[in-house]
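At position 242 of the sequence shown (counting the first as 1) the number is 248 in our numbering, and the numbers step up by one without a gap. Here is the structure we will look at, set down as structure tokens.
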Amino acid sequence: MTGSDIPSSFRLAYVPGVTPTKWVRVWRERLPDTSLELVQATAADAPGLLADGGADAGLVRLPVDRDVLAAIPLYTETTVVVIPKDHVVTAAEEVALAELADEIVLHPLDDVLDWETLPGRPAVERPATTADAIELVAAGIGVLLVPQSLARLHHRKDLTYRPVPDAPESRVALSWPQAEETPDLVEEFIGIVRGRTVNSTRGRAAAPAKSKEKGKDKAKARSKRAGGVGGGSGSGSGGARNKPAAGRKPQSGGRAGGQSGKRGKPRGR
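This is how it looks when you write it as structure tokens:
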């Protein structure tokens, strides 16, 4: 992809809890002339934003409609329960869903976990957002189950969290609109999140790789020509070393042969 082919900007959507900082840094190192614009979106709105062209790609939470969006799963998050620091379950390193049976479990409208049956007792009303639910936990009204990144995002000094191994988990993916051919800049970002080096054979790095192969072919051709001048593969530099020095007569039989001829005549007694 030449300089004139590269668009001037790339729009990357991301949902709460996802931190694209390290990938953005690599992007700016590799493509300093193509700005990367971050677009924040809720987990519910991100797929529609991508489908409508509001961003070129996005870090979203699965599932997404695969007929509309392509997606590469990146990682799965641990689910935790957010609780007051003086809650009885803080004594354990992990919490089972069964241990929350007597708790009021808050279920915000922007929940990203796919529950078949919510554990515990339901609240009178569902909080509008996860941030609102966190405030209710701090007020001692209930507990909240969220991906660990959201617990960190809404961190408060009076709250803590514990892993819940048997709770549903949230998967984060890189997604973009379905197309017959993946756009070049999306390919670039895929390479970055997958840890490809700048010399990878994928994407823009494919052209230098071909150039290197051409260089190897030229070197082989030069080597063959040099061999032909020296008299083939059996000649060359070895033949040059066997050539007698100027002004010196070549020995007909070698040193060993000469000595053998002298000793062949017996001495008289």
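Using N, Cα and C, we set each Cβ at its ideal position, and we do this for glycine too.
> Cα separation between residue 65 and residue 179?
Replying inline: 6 Å
>> Does residue 281 pass the burial test, meaning 16 or more other C-beta atoms within 10 Å, or should it be called exposed?
In response: Beyond the ends of the chain as shown, which are 7 and 275, falls residue 281; an answer cannot be given.
> Hey, would you say residue 140 sits closer than 9 Å to residue 110, going by beta carbons?
Replying inline: no
> Over what stretch of residues does the alpha helix (DSSP H) that includes residue 142 continue unbroken?
Replying inline: 136–144
> Are the CB atoms of residue 167 and residue 154 nearer to each other than 9 Å?
Replying inline: Yes.
>> Short of 6 Å in beta carbon distance, which residues of its chain neighbour residue 125, apart from the five on each side in sequence? Order them along the chain.
In response: 103, 106, 111
>> Closer than 8 Å is the cut-off here; do at least three beta carbon pairs connect the region 150–165 with the region 52–59?
In response: no
>> For residue 47 and residue 195, which I take to be in contact (beta-carbon distance under 8 Å), what is that distance rounded to the nearest angstrom?
In response: Going by Cβ atoms, the distance from residue 47 to residue 195 rounds to 16 Å, so no, they are not a contact pair.
> According to DSSP, which residues form a beta bridge with residue 29?
Replying inline: Answer is none; residue 29 lacks a bridge partner.
> Under the three-state reduction of DSSP, which class applies to residue 114: helix, strand or coil?
Replying inline: coil
> What is the rounded straight-line gap between the Cα of residue 163 and the Cα of residue 137?
Replying inline: 15 Å
>> For the beta strand (DSSP E) containing residue 150, name the first residue and the last one.
In response: 149–153
>> Could you compute how far the alpha carbon of residue 132 sits from the alpha carbon of residue 97?
In response: 28 Å
> Given that a residue counts as buried once 16 or more other Cβ atoms are within 10 Å of its Cβ, and exposed if not, what is residue 117?
Replying inline: Residue environment for residue 117: buried (at least 16 other C-beta atoms within 10 angstroms of its C-beta).
> Within this structure, are the beta carbons of residue 175 and residue 84 separated by less than 9 Å?
Replying inline: yes
> How about residue 127 and residue 61: do their beta carbons lie closer than 9 Å?
Replying inline: no
> If you draw a straight line from the C-alpha of residue 73 to the C-alpha of residue 93, how long is it?
Replying inline: Cα to Cα, residue 73 sits roughly 45 Å from residue 93.
> What distance in whole Å lies between the Cβ atoms of residue 101 and residue 88, which are believed to be in contact at a cut-off of 8 Å?
Replying inline: At roughly 11 Å, the Cβ-Cβ gap does not stay under 8 Å, so residue 88 and residue 101 are not in contact.
> How is the beta strand (DSSP E) around residue 64 delimited, first residue to last?
Replying inline: 63–67
>> Taking its Cβ as the centre, do 16 or more other Cβ atoms sit within 10 Å of residue 121, making it buried, or is it exposed?
In response: exposed
>> Relative to the C-alpha of residue 67, which candidate in 35, 203, 95, 25 has its C-alpha closest?
In response: Minimum Cα-Cα distance from residue 67 among the listed residues 35, 203, 95, 25 corresponds to 25.
>> residue 36 and residue 204 - do their beta-carbons sit closer together than 9 Å?
In response: yes
>> With a threshold of 9 Å between beta-carbons, can residue 145 be considered close to chain C, or not?
In response: Of the protein chains in the structure, only one exists, and it is not chain C.
> Around the Cβ of residue 157, are there at least 16 other Cβ atoms within 10 angstroms (buried) or fewer (exposed)?
Replying inline: Buried: at least 16 other Cβ atoms inside 10 Å.
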